[in-house]
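Its first residue numbered 0, the sequence shown is counted upward by one per residue in the numbering used here.
Where a beta carbon is used, it is the ideal one built from N, C-alpha and C, also for glycine.
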Amino acid sequence: MAIHVERRPRVLGAAVAASLALGALAAPAAAAADHRARPAAEKPGSTDRTGSPVRVNQVGYPTYGPKKGIVVTHATRPLTWTLRTADGTKRAGGVTTPAGIDPSSRRRVQTFDFSKVTDAGEGYTVTIGGKKSEPFTIGDHLYDTLRTDSLAYFYHNRSGIKIDKNLVGARYARPAGHDRSAPHRGDTDVPFRWHGSDYRRNVSGGWYDAGDQGKYVVNGGISVAQLMSAYERTRTTPGVSGDALGDGKLRVPERGNGVPDILDEARWEMDFLLRMQVPRGKPYAGMAFHKVHDKHWTGLPTRPDQDQQPRVLRPPSTAATLNLAATAAQCARLFKPYDPRFAARCLDTARTAWAAAKKHPRMFASDKDSTGGGAYGDRHVGDEFYWAAAELFLTTGEHTYRTAVLGSPLNGDVDALFPRGGALSWSATAGLGALDLATVPSKLDPAQRAAVRATVIKAADRYAADSAKSAYGVPYAPKDGKYEWGSNSQVLNNMVVLATAHELTGKTRYRDAVLRGMDYLLGGNPLNQSYVTGYGERNSHHQHHRFWAHQLDPRLPSPARGSLAGGPNSGLQDPVAKKKLKGCAPAMCYVDDIMAFSTNEITINWNAPLAWVASYLGDVEHMSDQRR
Ligand code: 9MR
Numbered sequence: 000m001a002i003h004v005e006r007r008p009r010v011l012g013a014a015v016a017a018s019l020a021l022g023a024l025a026a027p028a029a030a031a032a033d034h035r036a037r038p039a040a041e042k043p044g045s046t047d048r049t050g051s052p053v054r055v056n057q058v059g060y061p062t063y064g065p066k067k068g069i070v071v072t073h074a075t076r077p078l079t080w081t082l083r084t085a086d087g088t089k090r091a092g093g094v095t096t097p098a099g100i101d102p103s104s105r106r107r108v109q110t111f112d113f114s115k116v117t118d119a120g121e122g123y124t125v126t127i128g129g130k131k132s133e134p135f136t137i138g139d140h141l142y143d144t145l146r147t148d149s150l151a152y153f154y155h156n157r158s159g160i161k162i163d164k165n166l167v168g169a170r171y172a173r174p175a176g177h178d179r180s181a182p183h184r185g186d187t188d189v190p191f192r193w194h195g196s197d198y199r200r201n202v203s204g205g206w207y208d209a210g211d212q213g214k215y216v217v218n219g220g221i222s223v224a225q226l227m228s229a230y231e232r233t234r235t236t237p238g239v240s241g242d243a244l245g246d247g248k249l250r251v252p253e254r255g256n257g258v259p260d261i262l263d264e265a266r267w268e269m270d271f272l273l274r275m276q277v278p279r280g281k282p283y284a285g286m287a288f289h290k291v292h293d294k295h296w297t298g299l300p301t302r303p304d305q306d307q308q309p310r311v312l313r314p315p316s317t318a319a320t321l322n323l324a325a326t327a328a329q330c331a332r333l334f335k336p337y338d339p340r341f342a343a344r345c346l347d348t349a350r351t352a353w354a355a356a357k358k359h360p361r362m363f364a365s366d367k368d369s370t371g372g373g374a375y376g377d378r379h380v381g382d383e384f385y386w387a388a389a390e391l392f393l394t395t396g397e398h399t400y401r402t403a404v405l406g407s408p409l410n411g412d413v414d415a416l417f418p419r420g421g422a423l424s425w426s427a428t429a430g431l432g433a434l435d436l437a438t439v440p441s442k443l444d445p446a447q448r449a450a451v452r453a454t455v456i457k458a459a460d461r462y463a464a465d466s467a468k469s470a471y472g473v474p475y476a477p478k479d480g481k482y483e484w485g486s487n488s489q490v491l492n493n494m495v496v497l498a499t500a501h502e503l504t505g506k507t508r509y510r511d512a513v514l515r516g517m518d519y520l521l522g523g524n525p526l527n528q529s530y531v532t533g534y535g536e537r538n539s540h541h542q543h544h545r546f547w548a549h550q551l552d553p554r555l556p557s558p559a560r561g562s563l564a565g566g567p568n569s570g571l572q573d574p575v576a577k578k579k580l581k582g583c584a585p586a587m588c589y590v591d592d593i594m595a596f597s598t599n600e601i602t603i604n605w606n607a608p609l610a611w612v613a614s615y616l617g618d619v620e621h622m623s624d625q626r627r
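If you want it as structure tokens, here you go:
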């Protein structure tokens, strides 16, 4: 499990911030007020912070899906609800269902259900006791833009390449970060000094992890795997075309090269991960360096090209090495039709990484190594071994890897493969392997494939039950009821399992639980907050990020559309959360403040499952179009 380590990024003084913002690039034009301002004085849990007590998915509901909402109320008897169209015409009505005290918010709630309404339209609202919900759409094209926006997050956060205004617009354009021309020598020539080793490596490229500009193999691994899986899903799911992720469809500079754009994006990270392998002839050859980041934490804002800190490479770890083995193995099978030489290089890297991890199975990154970058310490690598073996087996069909995955103590253990709180995370990766074993054609015999599918379905049944039990429909029931750092990604990763179960069984109850999860993320929650920038009236737009730091310097942009906030975190591990959220109920431990990094950061491993789920839902919508 993850260990929470507190980090203390500073806010730079206004003058310094301004000079950083101006830098080599003209200051972004004064940002248009494209997001609603929030009330200045916000008291945790008070209704002024949470707006209307009537809660809905602020983006909308597909015509064919469940349409449910929540009202926070002291009333114990049913209340009357009214659904109105944009012009105020009553469209439907009924009475609410009392649901007692919701433990995630410690508030009394009632639920309402207007699933029977299937007329498409924009600007619908629900009113209860004179209180009106935020407006929403009923319609079947809700998630197409979310698919492209959530994927654009990755291009925006590329390291070592200029971010082109023709792809992202002038406000989001910036010079390349951490390349040769940076104030220091960038990531092309980073020193590695450890236990007698003293040499330099080119570890350029890849994506910045998050609000900080570190690059971590553990975390880059799950993120790129989920992007590749978003693509691979379209190859293995009957009736899904993959066109929406194809060449020319996404905002990437490689569009038009004959390769699906989502693979172009994944390759940007894969190339970096391959560079993170310890070269032949050096101690621990074949292992992967755990991470590269700044020597000391930089303040906010810091545009990547203006980072003055020297970069450091940290020692190899077993977990990083297995992340490399797993992703490089997946890379080998997906890139084969497009670039066989690159695919062969990926496979060779995956094999050497696997062998190195077997030789050094207990090299653990320290939980305390969090100066200048996150720790990503993990002492339990059975899940990484399972994942890497699964991917290597799927790609090669070889006996060694089959034995490793089927002989793993995790095999068949649903709790270990898909932890109840969160199915997948940077520190719990076995499920990535299990999902692929369940869906990617392979040399598994039918009984073995049926067994792994059964574990996916059993896990999905649990997440569906968690969703059904929650008034807010959230498929997330963490241990002790405490929400974790990045809880929104846990919600989404449980939705990935639900979506996979839907595709394996055709049972719409799994799909509906995914939709309920989206309801929660997009406003149907105890804070009436949409956690995705640009989606929904009350959306998060002050997430912790060193360039998208509009809250600190109005000349800088807000996070780009489609950026997911980490979300409620009971741990309150930053000064702003500690101050503003004391005593909060689990699902209310969130504040949209740039310095509340333990609740409001953005990162690749949170946007990756968002992109996976948005892509799945976009395809579900497309298929439902065809049925009409
Ligand atoms: O996602 C990570 C979470 O599980 C940990 O509890 C937390 C503290 O160690 O770190 C999170 O990861 C951060 C990383 O350390 C540095 N980059 C930003 C990541 C998201 O907040």
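Tell me which residue opens and which closes the alpha helix (DSSP H) that residue i is part of.
i	result
Q489	S486 to T504
S339	Note that residue 339 is Pro in the sequence shown, not Ser. Taken as a continuous stretch (DSSP letters only), the alpha helix (DSSP H) holding P339 covers P339 to K358.
W386	G381 to T395
V413	V413 to L416
A476	Where A476 is concerned, there is no enclosing alpha helix (DSSP H), given that its DSSP letter is neither H nor E.
V575	P574 to K579
Q329	T317 to F334
F546	Note, F546: premise wrong, no alpha helix (DSSP H); not H, not E.
G516	T507 to L520
G432	A429 to T438
T598	F596 to N599
What are the boundary residues of the beta strand (DSSP E) that residue i is part of?
i	result
S132	Looking at the DSSP string, S132 is not in any beta strand (DSSP E), and its letter there is neither H nor E.
S466	It is not in any beta strand (DSSP E) - S466 instead sits in the alpha helix (DSSP H) that spans P445 to K468.
H289	A287 to D293
T399	It is not in any beta strand (DSSP E) - T399 instead sits in the alpha helix (DSSP H) that spans H398 to L405.
E121	G120 to I127
T147	Where T147 is concerned, there is no enclosing beta strand (DSSP E), although the alpha helix (DSSP H) it sits in stretches over D143 to H155.
F111	R106 to D112
F191	V189 to W193
D101	T96 to D101
Between residue i and the rest of its own chain, which residues show a CB-CB distance below 7 Å, the 5 nearest in sequence each way excluded?
i	result
Y482	P567, N568, S569, P585, A586 and C588
M622	G238
D618	V239
A429	D382, Y385, W386, L409, A415 and L416
V490	V473, P474, Y475, G516, Y519 and L520
E351	The identity of residue 351 in the sequence shown is Thr, whereas the question assumes Glu. Excluding sequence neighbours, T351 sits near G285.
G129	none
I160	A175
Check the C-beta distance from residue i over to residue j and give it rounded, since I have them as a contact under 8 Å.
i	j	result
S103	Y530	Actually they do not touch by this definition, with Cβ atoms about 15 Å apart.
V455	L503	7 Å
A613	Y142	5 Å
V125	G68	6 Å
Once you ignore the five residues that flank residue i on each side, which residues in its own chain have a CB closer than 8 Å to its CB?
i	result
D293	D211, Q212, G213, D306, Q308, P309, R310, V311, G371 and G372
E397	L391
A31	Low confidence applies here, because A31 scores a pLDDT of 29, under 50, leaving its location unreliable and the question unanswered by this model.
H140	E620
S196	K281 and P282
E41	Here E41 scores only 37 on pLDDT, less than 50, and its place in the model is too uncertain to base an answer on.
So, at 6 Å on beta carbons, what are the nonlocal neighbours of residue i in its own chain, with the 5 sequence-adjacent residues on each side left out?
i	result
A91	L82, F113 and V116
A388	Y400, A403 and V404
L616	Y142
A284	V277
D368	A374
8 Å is my cut-off, CB to CB: does residue i come that close to chain B?
i	result
V455	The structure shown contains no chain B; it is built from a single protein chain.
* Decide yes or no for the touch test of the stretch 211-222 against the stretch 470-480: beta carbon pairs closer than 8 Å, at least 3 of them. => Too few Cβ pairs lie closer than 8 Å, so no.
* **Entirely enclosed alpha helix (DSSP H) segments - the stretch 198-262, minimum 4 residues** => Fully enclosed alpha helix (DSSP H) runs of no fewer than 4 residues occupy 216-235 of the stretch 198-262, in order along the chain.
* Per the contact definition of three or more C-beta pairs closer than 8 Å, is the stretch 216-226 in contact with the stretch 320-338? -> yes
* Is the number of C-beta pairs between the stretch 412-428 and the stretch 439-447 that are closer than 8 Å three or more? -> no
* Three or more beta-carbon pairs under 8 Å between the stretch 165-179 and the stretch 574-582, yes or no? -> no
* So does the stretch 179-198 actually touch the stretch 231-251, counting three or more Cβ pairs closer than 8 Å? -> Taking one beta carbon from each stretch, the stretch 179-198 and the stretch 231-251 have fewer than 3 pairs nearer than 8 Å; the two do not touch.
* Can we say the stretch 269-282 touches the stretch 248-261, given the rule of at least three CB pairs closer than 8 Å? -> no
* Hey, which unbroken runs of the beta strand (DSSP E) at 3 residues or more fall wholly within the stretch 157-181? -> none
* Asked: Does the count of Cβ pairs from the stretch 505-515 and the stretch 557-567 closer than 8 Å reach three?
  -> no
* To do: Report yes or no: do the stretch 593-604 and the stretch 399-419 share at least 3 C-beta pairs separated by less than 8 Å?
  => no
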